[in-house]
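Encoded as structure tokens, the structure appears first; notes follow it.
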Ligand SMILES: [Zn+2]
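Residue numbers (this note's numbering): 209 to 470.
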């Protein structure tokens with residue numbers, strides 16, 4: 209069922225606010241045209257649609273006019289194609305547009321967002337290139353120094369573990385690789401990821417609300433600062449697995465976790 213227009217514009221308004229926040233200069237998460245955001249318009253299956261940032265726009269200054277609504281179905285078909293060329297990709301992007309008159313191009317990472325938004329409970333996705341995180345995604349040790357959890361709020365906001373994606377060409381190939389890595393994560397952990405690190409590239413936050421996406425991104429960036437400092441101070445001391453599991457199940461932490469989504 210298609211959401212009523214007022215629901216649609218509310219989602220778009222929330223997405224614009226999230227994007228502007230992620231683009232704040234003092235957050236150091238994205239500059240110029242870096243990063244992209246999306247939001248699910250319908251809450252059902254692939255028959256639905258989502259808003260995605262248009263290519264070449266800036267997170268810090270985007271407005272509602274800088275987002276394109278696209279159907280999931282053609283985009284998902286594109287992910288299943290072996291090696292689509294630029295012409296085929298453009299054709300499918302045009303086919304996917306809800307408003308065919310919209311001349312803007314959806315972000316090159318539209319497919320990556322479709323993969324994330326198709327996961328249960330994911331309504332908003334934020335992809336950024338945070339300075340502190342990329343210190344570690346661009347280091348020789350990737351993903352070692354981002355693995356595990358180092359303090360309670362990192363567990364609460366980012367989940368017990370993250371997905372790590374080796375460097376992959378942005379676009380179709382990256383989306384295909386992300387899909388595979390997320391499936392492996394789901395099999396291993398029995399729950400969907402909240403945080404994804406991409407080697408030599410950046411970060412993805414998957415949230416049920418725009419606030420959760422912002423909180424996940426800020427926590428991941430702060431944790432990366434701490435990890436970098438810990439490396440300089442002798443090495444990262446990750447919490448033992450039983451403590452991570454304990455914290456993730458504590459009722460008072462579950463309570464806090466829900467508050468952080470509002
Ligand atoms: Zn990127």
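Beta carbons are placed, not taken as given, at the ideal position from N, Cα and C, and that holds for glycine.
List the endpoints of the continuous beta strand (DSSP E) containing residue i.
i, result
"residue 246", "244-248"
"residue 403", "403-406"
"residue 334", "332-336"
"residue 257", "257-261"
"residue 412", "410-415"
Taking the beta carbon of residue i as the centre, do at least 16 other beta carbons fall within 10 Å, making it buried, or is it exposed?
i, result
"residue 324", "buried"
"residue 215", "exposed"
"residue 423", "buried"
"residue 481", "The chain is shown from 209 up to 470; residue 481 falls before or after that span and cannot be answered."
"residue 463", "exposed"
"residue 445", "exposed"
"residue 364", "buried"
"residue 386", "buried"
"residue 441", "exposed"
"residue 349", "exposed"
"residue 402", "buried"
"residue 246", "buried"
"residue 317", "buried"
"residue 232", "exposed"
Taking 8 Å as the limit between beta carbons, can you name the residues of its chain near residue i, skipping five residues before and five after?
i, result
"residue 454", "none"
"residue 368", "357, 397, 452, 453, 456"
"residue 361", "427"
"residue 434", "358, 359"
"residue 285", "300"
"residue 470", "417, 419"
"residue 228", "267, 268, 269, 270"
Can you name, in chain order, every residue of its own chain whose Cβ lies under 7 Å from the Cβ of residue i, other than the five neighbours on each side?
i, result
"residue 383", "287, 319, 320, 323"
"residue 346", "408"
"residue 279", "257, 304, 306"
"residue 376", "382, 385"
"residue 251", "Reliability of the predicted coordinates at residue 251 is poor, the pLDDT of 49 falling under 50, and the value obtained from them is presented with this limitation in mind. Closer than 7 Å at Cβ, skipping near neighbours: no residue."
Please work out which residues of its chain come closer than 6 Å, Cβ to Cβ, to residue i, disregarding the five sequence neighbours upstream and downstream, and give them in chain order.
i, result
"residue 374", "407"
"residue 541", "Residue 541 lies beyond the residue range present for the chain, which begins at 209 and ends at 470; the question has no answer from this structure."
Where does the unbroken alpha helix (DSSP H) through residue i begin, and where does it stop?
i, result
"residue 373", "Counting along the chain, residue 373 falls outside any alpha helix (DSSP H), though it belongs to the beta strand (DSSP E) covering 371-373."
"residue 278", "No alpha helix (DSSP H) contains residue 278, which is instead part of the beta strand (DSSP E) from 275-279."
"residue 441", "Here residue 441 belongs to no alpha helix (DSSP H), and DSSP marks it neither H nor E."
"residue 294", "294-304"
- Query: Using 8 Å as the threshold, is the segment 339-355 in touch with the segment 417-433, meaning 3 or more CB pairs across them?
  - Reply: The segment 339-355 is in contact with the segment 417-433.
- Message: Within 8 Å, do at least three Cβ pairs link the segment 262-270 to the segment 233-248?
- Response: Yes: the two stretches touch, three or more of their Cβ pairs being nearer than 8 Å.
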